[in-house]
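Student: Structure below; questions to follow.
Residue numbers (the UniProt record's numbering): 1 to 190.
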C-alpha cells in the first residue's frame, strides 16, 4: 500500500500497467529498494516455495538466483561459495545424473502432486521425533538405540493409537487437497 499510494494520489484513473511504468521511472533510491523487496524478492520466495511444493527444479534454481546479488553485496562468502559449488557440481555431472538429482531433490511423502517437501524438512521431522524418544541430556548410545528402533516404535505407537481409537495428527503426513480439485469444488459452489 505504501508503494501504491503516491501513484494513486497523482493519477485520476490508475491502472496496473501505468503503475509499473511509473514505478520504474521513480528516482528515489528508497522507493526502488522497497519496490525490489516487495515485488522481486517476495515473488522469488513465493516461487521457491512453489518449486519445492511441485518439484520444479528450474523454478527453484531461478528463484535462488534472484538472491545472488544480496550474497555478493553483503559480503557473505560462505553463502556464495555454497551456491557456486552447488552450481559447479550440477554442471559437471552427466545430464542423466543431473536430471535424477533435480527430480528427486524433493519428495512427496503423501503421494499428492502439490505436496512435495525438501529432504532437509523431512529429516528435521524425523530428528524431532527421535528427540522425543531419548532423555533430556542425550548420549551417543541413546541416539543409536532411538535411531535403530525408530521405525519399530512408530509402528507400535500407531497400532496402539489405532487400537484405543486415538487420532494422532503428528505422525500422519501432512495433507492438502490438490488445487484442481479445490477449484472444481469452488466452481460447483458458485
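Beta carbons are placed, not taken as given, at the ideal position from N, Cα and C, and that holds for glycine.
Judging by CA-CA distance, which residue of 118, 84 and 38 is the nearest neighbour of residue 49?
Tutor: When each option's Cα is compared against that of residue 49, the closest is 118.
Student: To the nearest angstrom, report how far apart residue 61 and residue 84 are at their CA atoms.
Tutor: Computed Cα separation, rounded: 12 Å.
Student: Determine the contact status of residue 3 and residue 31, defining contact as a CB-CB distance below 9 Å.
Tutor: The answer is yes: Cβ separation under 9 Å.
Student: Since residue 146 and residue 133 are thought to touch, with beta carbons under 8 Å apart, how far apart are those beta carbons, to the nearest angstrom?
Tutor: Indeed, because the Cβ distance is near 4 Å, the residues count as touching under 8 Å.
Student: Tell me whether the stretch 52-61 and the stretch 96-105 touch, counting them as touching only if at least three CB pairs, one residue from each stretch, are closer than 8 Å.
Tutor: The answer is yes - the stretch 96-105 touches the stretch 52-61, with three or more Cβ pairs under 8 Å.
Student: If we ignore side chains and look at the alpha-carbon of each, how far apart do residue 144 and residue 189 end up?
Tutor: Approximately 53 Å, taken between the alpha carbons.
Student: Going straight from the alpha carbon of residue 59 to that of residue 108, what length do you get?
Tutor: So the alpha carbons of these two residues sit roughly 17 Å apart.
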